[in-house]
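Protein chains in written order, with our numbering: chain A, 1 to 351; chain B, 1 to 351. Even glycine gets a Cβ: it sits at the ideal position worked out from N, Cα and C. What you are looking at is a predicted structure, and each value in this text was computed from that prediction instead of being measured. Data block below; observations after.
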């Protein structure tokens, strides 16, 4: 809807990339992509991968000066733009928009009421003019006025059917393969992996366990207010149209303190919304790893940073350079971005 | 301060109990207390222990009709009155009172200002007349206006020095040995154990890992508002004198949903403040275990329920009887209440 042109362009480019990939593999042998014992197989050898492996080596070496006991190996990851994509719009916002469309037949008044009118008519300009207020109204009807169980059902139904406009894949497939490998690599070294995202905690919890291997109780996110009610003898939790906590910017270290209660030793983000979380992590004593995913790959994904409306990365990028944080250059550091990239050609190599 | 008479009486009784314990052991052999392989050694054989062991057997039997995968074996425990004692007053309230006393020299104005004046003069009646407002003022000065790290230090200092008035033991020793064994028993069977308490989450997180084996990220509790600030280039979290979330009564299932995001299959409480958490747990599908610690032992601990100002157990007790929840009768179901009970006699048996 928002990016038809880019989408077509993207598909064309994707075909080219796939072809290049095929030639590379034909020349070097498919084994390049499938070293089972090699850590982080979708990462190119380079400074980012080196920094990760060295950090993990240091904090897990028993008797070493930098050893950190497993209980304290807390690793936190932003989600949108760090573990899965966030373009052309945050996927959860797309869910909210789709939900309004699905609800529209039951709300004839929306035909004349903003921001719903603009949304249903595809009038992007008017909808955008409504700003944050319009978005909050959409979130109120798509995320509240139902029980937590009903909401979970709506999210699951959406994930099972909705397609990402550019890749024509389920949203849960538009996740970064190198980051999935990193999560598993860390857990394999005794880390406990958490999501700390501005996204809604109940939206994420429906799918992150299957996709990232992160259980619901290790997801920190924005939360709406809820009410406990007994209906016909059965207790339910009602989602109310009111914000309880926004887990973004300065809210991220607060969310970490509130939900986890222990300062992470590793944090990964991709935008200025993650800046305070990275600062908070970096300021702890001993070895710390602070990483940024830098979106530099317009071919395979997107290229954006300082001027982007979604996932703006400006201050945190300067700070990363000043402080020696690890900046992952998506284009150069990642052998592949998504698990589905070579799937069609090499059947099953990505799973 | 509040219970000198009861305390003296308690010590006398304790001496008697210890003597009886010694005679029992002399007759039956110390091995009675130390079957390493036997689960829950501080529990008497009876319906409560039987119900626990049967439940764990059912949900962990692979291939069985009631099998629950480890990831879903969420067990939640209230803290005050369920894992550690809560008499003569909640231990965290005692911490707050002691903190005010420690701060008094820096606050000469408290000599004439209520509720501090009453508190410092030991004028219990006037302080009590101040009700919840007075208590909140005390909590504001004892729990806010400092960084999270400073607060952690104050709690640790207090725990290292303060003594429980009746038992003359550190507060972290006034914990129920049978419940500690239950936590370990559940973890040994793949459960993830959580605290879900009305107490302050940051107060509990300073000590529960050492005492219960429950890491900070598995503690749900009441929370105050916080602010992120950078001081001299160093990020800190400031504790503000404002309540963010009260994890009590209907707040407990909300807290479970917010912090854990998965419905427990086992819940233990001891008061009406736990009622909704128990209801919420019981209402899930499949096998559920719902337990109540019933304080019936004035000799070794306290006996209270329906009329108690602290830990009132009334509605939940009726519901437990109606629904067949497991009511643990402290006097009859627990071989010993505290780890220190036989310590002096059998040197080290409790550790």
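* To do: Using a Cβ-Cβ cut-off of less than 7 Å, list which residues of the segment 322-344 of chain B approach chain A; keep chain order.
  => none
* Spatial neighbours of residue 197 of chain B in its chain, beta-carbon cut-off 6 Å, leaving aside the 5 residues before and after -> Taking the second chain and counting its residues from 1, the one referred to as residue 197 of chain B is at position 197. The residues are 78, 79, 221.
* Starting from the C-beta of residue 310 of chain B, find all residues in its chain whose C-beta is less than 7 Å away, skip the five residues before and the five after it, and write them out in chain order. => Counting from 1 along the second chain, the entry for residue 310 of chain B is found at position 310. Taken in chain order, the residues that qualify are 86, 87, 89, 90.
* Between the segment 203-219 of chain A and chain B, which residues of the former have a C-beta closer than 8 Å to a C-beta of the latter? -> 205, 209, 215, 216, 217, 218, 219
* Rounded Cβ spacing between residue 112 of chain A and residue 238 of chain A (contact assumed at less than 8 Å) -> For this step, residue 112 of chain A is matched to residue 112 along the first chain. For this step, residue 238 of chain A is matched to residue 238 along the first chain. So it is not a contact: roughly 28 Å between Cβ atoms.
* **Within the segment 26-100 of chain A, ranges of the beta strand (DSSP E) (whole runs, at least 3 residues)** => 74-77
* **C-beta atoms of residue 276 of chain A and residue 235 of chain B nearer than 8 Å** => Start at 1 with the first residue of the first chain, and residue 276 of chain A comes out as number 276. Start at 1 with the first residue of the second chain, and residue 235 of chain B comes out as number 235. A contact, by the Cβ cut-off of 8 Å.
* Cross-strand partners of residue 329 of chain B (DSSP beta bridge) -> In the second chain, counting from the first residue as 1, residue 329 of chain B sits at position 329. Paired residue(s): B:294.
* Given that residue 237 of chain A touches chain B, what residues does it touch there, using C-beta distances under 7 Å? -> Residue numbering aside, residue 237 of chain A sits at position 237 when the first chain is read from its first letter. 253, 254, 257, listed in chain order.
* residue 319 of chain B to residue 325 of chain B span [Cα, whole Å] -> As a working mapping, residue 319 of chain B is identified with position 319 in the second chain. As a working mapping, residue 325 of chain B is identified with position 325 in the second chain. Cα to Cα, residue 319 of chain B sits roughly 8 Å from residue 325 of chain B.
* At a Cβ cut of 8 Å, what residues of the segment 35-49 of chain B count as close to chain A, listed as they run along the chain? -> none
* **Whole-angstrom distance between residue 293 of chain A and residue 316 of chain A, CA atom to CA atom** => The sequence position of residue 316 of chain A within the first chain is 316, counting from 1. The sequence position of residue 293 of chain A within the first chain is 293, counting from 1. The alpha-carbon atoms of residue 316 of chain A and residue 293 of chain A are separated by roughly 11 Å.
* Through-space distance from residue 329 of chain B to residue 247 of chain A, alpha-carbon basis -> Along the first chain, read from residue 1 onward, the residue named residue 247 of chain A stands at position 247. Along the second chain, read from residue 1 onward, the residue named residue 329 of chain B stands at position 329. Cα to Cα, residue 247 of chain A sits roughly 43 Å from residue 329 of chain B.
* To do: Please compile the residues from chain D whose C-beta is within a distance smaller than 7 Å of the C-beta of residue 228 of chain B.
  => Any reference to chain D falls outside this structure, whose protein chains are A and B.
* To do: Determine the extent of the alpha helix (DSSP H) in which residue 112 of chain B is found, giving its start and end residues.
  => Translated into the one-based positions of the second chain, residue 112 of chain B becomes position 112. Unbroken run through residue 112 of chain B: none, as it is neither H nor E.
* To do: Taking a Cβ distance cut-off of 7 Å, strictly less, list which residues of the segment 260-274 of chain B are near chain A, in chain order.
  => 260, 261, 262
* Asked: Skipping 5 residues on each side, what residues in its chain have a beta carbon closer than 8 Å to that of residue 279 of chain A?
  -> For this step, residue 279 of chain A is matched to residue 279 along the first chain. Here the set comprises 253, 319.
* Say whether the segment 212-226 of chain B touches the segment 254-267 of chain A, bearing in mind that this needs 3 or more beta-carbon pairs closer than 8 Å, one atom from each stretch. => yes
* Members of the segment 85-107 of chain A that neighbour chain B once the beta carbon cut-off is set at 9 Å -> none
* Asked: Along chain B, which residues have their Cβ under 9 Å away from the Cβ of residue 234 of chain A?
  -> Here residue 234 of chain A refers to the residue found at position 234 when the first chain is read from its first residue. Here the neighbours are 283.
* Asked: Would a check of beta-carbon distances place residue 280 of chain A closer than 8 Å to chain B?
  -> Counting from one through the first chain, the residue named residue 280 of chain A turns up at place 280. It does: the Cβ of residue 280 of chain A has a partner Cβ on chain B nearer than 8 Å.
* To do: Starting from residue 193 of chain B, follow its DSSP beta bridges and name the residues at the other end.
  => Position 193 of the second chain, counted from the start, is the residue given in the question as residue 193 of chain B. The partner list for residue 193 of chain B (beta bridge, DSSP) reads B:75.
* To do: Taking only beta carbons into account, state which residues of the segment 143-154 of chain B come closer than 8 Å to chain A, listed in chain order.
  => 148
* Residues in the segment 117-128 of chain B with C-beta within 9 Å of chain A's C-beta atoms, listed in sequence order? -> none
* Counting pairs of Cβ atoms below 8 Å between the segment 112-126 of chain A and the segment 165-181 of chain A, do you hit three or more? -> no
* **is_contact[residue 71 of chain A, chain B] using C-beta, thresh 8 Å** => Sequence index remark: in the first chain, residue 71 of chain A carries index 71 (1-based). At least one chain B Cβ lies under 8 Å of residue 71 of chain A.
* Asked: Quick one, which of B:270, B:289, B:331 has its alpha-carbon nearest residue 298 of chain B's?
  -> Within the second chain, numbered from 1, the residue matching residue 298 of chain B stands at position 298. Comparing Cα positions, the closest option is B:331.
* residue 341 of chain A classed as buried or exposed, judged by whether at least 16 other C-beta atoms fall within 10 angstroms -> Taking the first residue of the first chain as position 1, residue 341 of chain A is located at position 341. Per the 10 Å Cβ criterion, buried.
* Within the same chain, show all residues whose beta-carbon is closer than 7 Å to that of residue 144 of chain A, passing over the 5 residues directly before and after it, in chain order. => Sequence index remark: in the first chain, residue 144 of chain A carries index 144 (1-based). Only 224, 239, 240, 241 meet the Cβ criterion.
* By Cβ distance below 6 Å, which residues in the same chain neighbour residue 183 of chain B in space, the five residues on each side in sequence not counted? -> Position 183 of the second chain, counted from the first residue, corresponds to residue 183 of chain B. For residue 183 of chain B, where only same-chain residues beyond five positions count, the Cβ hits under 6 Å are 193, 212.
* To do: Could you have a look at residue 313 of chain B and say whether DSSP puts it in helix, strand or coil?
  => The sequence position of residue 313 of chain B within the second chain is 313, counting from 1. Coil.
* Whose Cβ in chain B lies nearer than 8 Å to the Cβ of residue 293 of chain A? -> If you number the first chain from 1, residue 293 of chain A lands on position 293. The premise fails here: residue 293 of chain A is roughly 22 Å from chain B at the closest Cβ pair, so nothing lies under 8 Å.
* From this set, B:66, B:55, B:72, B:313, which residue's C-alpha is nearest residue 363 of chain B's C-alpha? -> Chain B is shown from 1 up to 351; residue 363 of chain B falls before or after that span and cannot be answered.
* CA nearest to the CA of residue 149 of chain A, picked from B:262, B:288, B:67, B:313 -> Start at 1 with the first residue of the first chain, and residue 149 of chain A comes out as number 149. With distances taken between Cα atoms, residue 149 of chain A lies closest to B:262.
* To do: List in chain order: all unbroken beta strand (DSSP E) runs of 3+ residues lying wholly within the segment 233-286 of chain A.
  => 234-245, 266-269
* **Proximity below 8 Å, CB of residue 53 of chain B to CB of residue 39 of chain B** => Residue 53 of chain B sits at position 53 when you count from the first residue of the second chain. Residue 39 of chain B sits at position 39 when you count from the first residue of the second chain. Result yes, Cβ atoms of residue 53 of chain B and residue 39 of chain B sit closer than 8 Å.
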